[in-house]
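Chains as they are written, first to last, in our numbering: chain A, 1 to 232; chain B, 1 to 232. Notes to accompany the following structure.
2 protein chains.
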Amino acid sequence: MSQNVCPGNMCAECSFRSSIFSKLNNAQLDELTASKTFNFAKKGEIIAKQGGKIKGFIFLRVGLAKLTRVNPDGREQIIGIATPNDFVGLLSIFSSKNYQYNIIAIEDCEYCCVDYDLVMNLISTNGDFAKTLLEKISQVSDLMMGTRLDLELRQLRGRVAFIICYFANEVYKSTTFNLPISRREIAELIDMRVENVVRILSEFRRDNIIKIEGTTIEIVDQEKLRWIKIHG
Amino acid sequence: MSQNVCPGNMCAECSFRSSIFSKLNNAQLDELTASKTFNFAKKGEIIAKQGGKIKGFIFLRVGLAKLTRVNPDGREQIIGIATPNDFVGLLSIFSSKNYQYNIIAIEDCEYCCVDYDLVMNLISTNGDFAKTLLEKISQVSDLMMGTRLDLELRQLRGRVAFIICYFANEVYKSTTFNLPISRREIAELIDMRVENVVRILSEFRRDNIIKIEGTTIEIVDQEKLRWIKIHG
DNA sequence: AATCAAATCTGATAAATATCAACATATATA
DNA sequence: TATATATGTTGATATTTATCAGATTTGATT
Numbered sequence: 001m002s003q004n005v006c007p008g009n010m011c012a013e014c015s016f017r018s019s020i021f022s023k024l025n026n027a028q029l030d031e032l033t034a035s036k037t038f039n040f041a042k043k044g045e046i047i048a049k050q051g052g053k054i055k056g057f058i059f060l061r062v063g064l065a066k067l068t069r070v071n072p073d074g075r076e077q078i079i080g081i082a083t084p085n086d087f088v089g090l091l092s093i094f095s096s097k098n099y100q101y102n103i104i105a106i107e108d109c110e111y112c113c114v115d116y117d118l119v120m121n122l123i124s125t126n127g128d129f130a131k132t133l134l135e136k137i138s139q140v141s142d143l144m145m146g147t148r149l150d151l152e153l154r155q156l157r158g159r160v161a162f163i164i165c166y167f168a169n170e171v172y173k174s175t176t177f178n179l180p181i182s183r184r185e186i187a188e189l190i191d192m193r194v195e196n197v198v199r200i201l202s203e204f205r206r207d208n209i210i211k212i213e214g215t216t217i218e219i220v221d222q223e224k225l226r227w228i229k230i231h232g
Numbered sequence: 001m002s003q004n005v006c007p008g009n010m011c012a013e014c015s016f017r018s019s020i021f022s023k024l025n026n027a028q029l030d031e032l033t034a035s036k037t038f039n040f041a042k043k044g045e046i047i048a049k050q051g052g053k054i055k056g057f058i059f060l061r062v063g064l065a066k067l068t069r070v071n072p073d074g075r076e077q078i079i080g081i082a083t084p085n086d087f088v089g090l091l092s093i094f095s096s097k098n099y100q101y102n103i104i105a106i107e108d109c110e111y112c113c114v115d116y117d118l119v120m121n122l123i124s125t126n127g128d129f130a131k132t133l134l135e136k137i138s139q140v141s142d143l144m145m146g147t148r149l150d151l152e153l154r155q156l157r158g159r160v161a162f163i164i165c166y167f168a169n170e171v172y173k174s175t176t177f178n179l180p181i182s183r184r185e186i187a188e189l190i191d192m193r194v195e196n197v198v199r200i201l202s203e204f205r206r207d208n209i210i211k212i213e214g215t216t217i218e219i220v221d222q223e224k225l226r227w228i229k230i231h232g
């Protein structure tokens, strides 16, 4: 599903304007408006495919997407979750002609795709834009690396607590939220087995740390959850 | 230990010229030559400190350095090894005023330090330079992330095999080499306990996969080691 | 409504890893 | 040289995690 018009249609008024495109002049913004496409992806739909040719820069406007890869053994691994206003696929876009990861919608998504050559041209001709882009890339990859490093030395309970806090604090900014991914996907995201994800979630519920109602999760004991996240 | 002269003294003739600084013109190269400092760090010496103010861009010319961080629990973690011609500290330099990691020499090192403002200025004024830098950053962080992801889903034997292969193939390009880091550091690098590192190395020796003589390691059975690296 | 497939869940057990203790060996320091 | 201190090593044991098996629930499709 894809179409060429975005609400407002002007990149100058887009929320990305203030972050990544703040250093473009009016002419450059017009170029951007003319070249970009505005797209939809339903939950489960693939936005970009690992190994596929990079066509452009993908900016997520609405919804959530997961970044995944199939590792050499054929096991699927989720690298991270992209949230609105994220510049998705940042990590590999300058080092390869092909996507290193899959980008898959886990909620209905709206995203923009900006032509690759146009951005490259902007980098060459607008140094301040290049600088902003460098900062943003650095931020995103730094954050991702930090998250992976944090996760690596936690054990299972700590990892599950971490991911619950992540969705509550970073994504939904609420102690009650709809878990957008399955138990299997949680397992793939924090490197554990489905059975153990289930087990530990049940454990948290039994200990009155969280409530689970269908896909809804409510954090009841924030203190205890944070403690487990750090020490568990 | 630090001094201002580098062998040849001209950045135009430096090995980094061909990678990162290939797009600078002569005037810009002269600026670079004038502003950079050339430094030594003995084994064990700290080149940059986590939390410390970023003064410049660090380029490793000779030797090996480890990138480490102290995680919130106070446990030391090694993120990666920097090899000659690496642009060290890439990940955080554009997203923070402070180093996110320690950079510590694990062999005697020679490195250049290029003034932060100078590089920032070059980015603004030379789009092609900015593009090259983006590519390099993307490459390095992509590689690092890939390595961490690979490591995460291996178990201990596979991780130890991985790190031996890494030093043999990527760093020393020889099946015999002096292990530059201690057992403890290996443990910190691949997220395991010292005892298990020792145990598995002994196991590999007992199974005639490697020979260990002091700090020297020789890979005897490359086939078997690679198998363990992938399937172990 | 009936049926199938996938996801969720629980318990029992096996395998992997961490911890603890003890000692040997090297390396630095007084 | 003697002494302390970190590193390396091995075995026994406890803890954590994965695996296997089976049951229940959920959701989609006919």
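Backbone N, C-alpha and C fix where the C-beta goes; we use that ideal spot for every residue, glycine too. Since we're looking at a predicted model, the values are computed, not measured.
Go through its chain and collect everything with a Cβ distance to residue i's Cβ below 7 Å, but skip five positions before and after it.
{"i": "B/Q77", "result": "T68, R69, N71 and E188"}
{"i": "B/I54", "result": "I93, K97, N98, Y99 and Y116"}
{"i": "B/K49", "result": "Y99 and N102"}
{"i": "A/M10", "result": "T33"}
{"i": "B/K229", "result": "G158, A161, F162 and C165"}
{"i": "B/V119", "result": "F57"}
{"i": "A/R17", "result": "C11"}
Check residue i in the structure and name its three-state DSSP category.
{"i": "A/I217", "result": "strand"}
{"i": "B/L64", "result": "coil"}
{"i": "B/T175", "result": "coil"}
{"i": "A/Y99", "result": "coil"}
{"i": "B/Q77", "result": "strand"}
{"i": "B/T83", "result": "coil"}
{"i": "A/R69", "result": "strand"}
{"i": "B/G232", "result": "coil"}
{"i": "A/C109", "result": "strand"}
{"i": "B/D191", "result": "coil"}
{"i": "A/F162", "result": "helix"}
{"i": "A/K53", "result": "strand"}
{"i": "A/D207", "result": "coil"}
{"i": "A/F21", "result": "coil"}
{"i": "A/N126", "result": "coil"}
{"i": "B/F94", "result": "coil"}
{"i": "B/I200", "result": "helix"}
{"i": "B/I212", "result": "strand"}
{"i": "B/I186", "result": "helix"}
{"i": "A/I181", "result": "coil"}
{"i": "A/C11", "result": "helix"}
Apply the 10 Å Cβ neighbour rule to residue i and answer buried if 16 or more other Cβ atoms are within range, or exposed otherwise.
{"i": "A/M145", "result": "buried"}
{"i": "A/E182", "result": "According to the sequence as given, residue 182 of chain A is Ser; it is not Glu. A/S182 comes out exposed."}
{"i": "A/G51", "result": "exposed"}
{"i": "B/F167", "result": "buried"}
{"i": "B/A161", "result": "buried"}
{"i": "B/D142", "result": "buried"}
{"i": "A/R75", "result": "exposed"}
{"i": "B/S138", "result": "buried"}
{"i": "B/E185", "result": "buried"}
{"i": "B/I219", "result": "buried"}
{"i": "B/R159", "result": "buried"}
{"i": "B/D207", "result": "exposed"}
{"i": "B/G89", "result": "buried"}
{"i": "A/I212", "result": "exposed"}
{"i": "B/A27", "result": "exposed"}
{"i": "B/N25", "result": "exposed"}
{"i": "A/K66", "result": "buried"}
{"i": "A/R154", "result": "buried"}
{"i": "B/K42", "result": "exposed"}
Please go through the same chain and pick out, in chain order, the residues whose beta-carbon is closer than 6 Å to the beta-carbon of residue i, but skip the five residues on each side of it.
{"i": "B/F204", "result": "I210"}
{"i": "B/V197", "result": "R183, I186 and A187"}
{"i": "B/L122", "result": "F129"}
{"i": "B/N178", "result": "T215 and T216"}
Can you list, in chain order, the residues of its chain with a C-beta nearer than 8 Å to that of residue i? Leave out the 5 residues immediately preceding and following it.
{"i": "B/R193", "result": "A187"}
{"i": "B/T147", "result": "G80"}
| request: Assess, as a yes-or-no matter, whether the region 105-116 of chain A is touched by the region 44-64 of chain A under the definition of 3 or more beta carbon pairs within less than 8 Å. | output: Yes, the region 44-64 of chain A touches the region 105-116 of chain A.
| Near-chain B residues of the region 86-106 of chain A (beta-carbon distance less than 9 Å), N- to C-terminal order | Cβ contacts with chain B: L90, L91, S92, I93, F94, S95, S96 and Q100.
| task | Identify each residue in the region 60-72 of chain A for which the Cβ-Cβ distance to at least one residue of chain B is less than 9 Å, and report them in chain order. | result | If the cut-off is 9 Å between Cβ atoms, the region 60-72 of chain A has R69, N71 and P72 near chain B.
| message | Tell me which residues of the region 115-130 of chain B have at least one Cβ-Cβ distance to chain A shorter than 8 Å, keeping chain order. | response | Answer in chain order: M120, I123, S124, T125, N126, G127, D128 and A130.
| task | May I ask you to list, following chain order, the residues of the region 134-152 of chain B that have a beta carbon less than 9 Å from some beta carbon of chain A? | result | The residues in question are L134, E135, K136, I137, S138, Q139, V140, S141, D142, L143, M144, M145, G146, R148, L149, D150, L151 and E152.
| request: Would you check if there are 3 or more beta carbon pairs closer than 8 Å linking the region 18-33 of chain A to the region 127-134 of chain A? | output: Between the region 18-33 of chain A and the region 127-134 of chain A there are three or more C-beta pairs closer than 8 Å, enough to call the two in contact.
| Under 7 Å (Cβ pairs) to chain A, residues found in the region 31-52 of chain B | From the region 31-52 of chain B, no residue has a Cβ closer than 7 Å to chain A.
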